[in-house]
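S.K.:
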Amino acid sequence: MTGKIIIDATNPIALTPAGMAAKLTFGHTTSAAEEIAKGAIGSQIVKAFNNLGASYFKNLHLGWQTATAFICGDSLDAKKIVTNLAPDIGFEVAGAAKIEQYRLLESLGMLWIDLAFTS
567 MTGKIIIDAT
577 NPIALTPAGM
587 AAKLTFGHTT
597 SAAEEIAKGA
607 IGSQIVKAFN
617 NLGASYFKNL
627 HLGWQTATAF
637 ICGDSLDAKK
647 IVTNLAPDIG
657 FEVAGAAKIE
667 QYRLLESLGM
677 LWIDLAFTS
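Going by the working numbering, the first residue of the sequence shown is number 567, and it counts up by one from there.
Structure representation (structure tokens):
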């Protein structure tokens with residue numbers, strides 16, 4: 567995987583015997599993206615596309631707004647590639663933050679999931 571860009575669109579959701587819990591398995595001191603990076607030495611991890619359910623990808627226009635992709639990673643080149651990919655898929659792009667922001671994106675993803683399943 568050396569030199570490859572890995573786009574992490576996951577959210578590390580805790581599962582219980584009753585099903586999905588409204589919490590993340592990571593979040594304060596690490597993230598799923600950081601854990602992926604540990605196993606994918608030499609690759610470039612970019613966190614993106616995790617803040618919206620897969621069913622919305624067929625139409626990213628939500629009312630009068632277009633869905634926003636938040637993009638995080640340490641590699642400027644990898645972030646630039648994903649930032650250029652996002653509009654091709656139909657997203658607007660909001661920023662390209664550092665790796666530490668992975669944790670915030672996963673929390674945002676959990677908020678969306680919780681709202682989707684409890685509303």
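We put the beta carbon where it would ideally sit given N, CA and C, even for glycine.
Keep in mind it's a predicted model, so treat the numbers as computed, not measured.
Kindly list the residues whose CB is nearer than 7 Å to the CB of residue 640, restricted to its own chain and excluding five residues on each side of it in sequence; keep chain order.
M.R.: As a first step, residue 640 is located in the sequence shown; it is residue number 74 there, counting from the start. Excluding positions up to five away in sequence, the list reads 664 and 665.
S.K.: Could you tell me if residue 610 is buried or exposed, where buried requires 16 or more neighbouring beta carbons within 10 angstroms of its beta carbon?
M.R.: Start at 1 with the first residue of the sequence shown, and residue 610 comes out as number 44. Residue 610 is buried by the Cβ-count criterion.
S.K.: Entirely within the stretch 633-657 and at least 4 residues each: give me those alpha helix (DSSP H) ranges in chain order.
M.R.: Fully contained in the stretch 633-657 are the following alpha helix (DSSP H) runs of length 4 or more, in chain order: 642-655.
S.K.: What did DSSP end up calling residue 603 once you bin it into helix, strand or coil?
M.R.: Along the sequence shown, read from residue 1 onward, the residue named residue 603 stands at position 37. DSSP places residue 603 in helix when its eight states are reduced to three.
S.K.: Which residues share a DSSP beta bridge with residue 573?
M.R.: Working through the sequence shown from its first residue, we reach residue 573 at position 7. According to DSSP, residue 573 bridges with 612.
S.K.: To the nearest angstrom, how far is it from the Cα of residue 669 to the Cα of residue 628?
M.R.: In the sequence shown, counting from the first residue as 1, residue 669 sits at position 103. In the sequence shown, counting from the first residue as 1, residue 628 sits at position 62. If I take the Cα positions, the gap works out to 25 Å.
S.K.: Among all the DSSP beta bridges, which residues are the ones paired with residue 626?
M.R.: If you number the sequence shown from 1, residue 626 lands on position 60. None; residue 626 has no bridge partner.
S.K.: Return the chain-ordered list of same chain residues with a C-beta closer than 7 Å to the C-beta of residue 602, the five sequence neighbours on each side being excluded.
M.R.: As a first step, residue 602 is located in the sequence shown; it is residue number 36 there, counting from the start. Excluding sequence neighbours, residue 602 sits near 572, 574 and 611.
S.K.: Where residue 569 and residue 679 are concerned, what is the direct C-alpha to C-alpha distance, given to the nearest angstrom?
M.R.: The residue you call residue 569 lines up with position 3 of the sequence shown. The residue you call residue 679 lines up with position 113 of the sequence shown. Distance between the alpha carbons of residue 569 and residue 679 is about 32 Å.
S.K.: Please go through the same chain and pick out, in chain order, the residues whose beta-carbon is closer than 7 Å to the beta-carbon of residue 599, but skip the five residues on each side of it.
M.R.: Position 33 of the sequence shown, counted from the start, is the residue given in the question as residue 599. Excluding sequence neighbours, residue 599 sits near 574, 611, 613 and 668.
S.K.: So, are the CB atoms of residue 648 and residue 655 less than 8 Å apart?
M.R.: Position 82 of the sequence shown holds residue 648. Position 89 of the sequence shown holds residue 655. Not a contact, by the Cβ cut-off of 8 Å.
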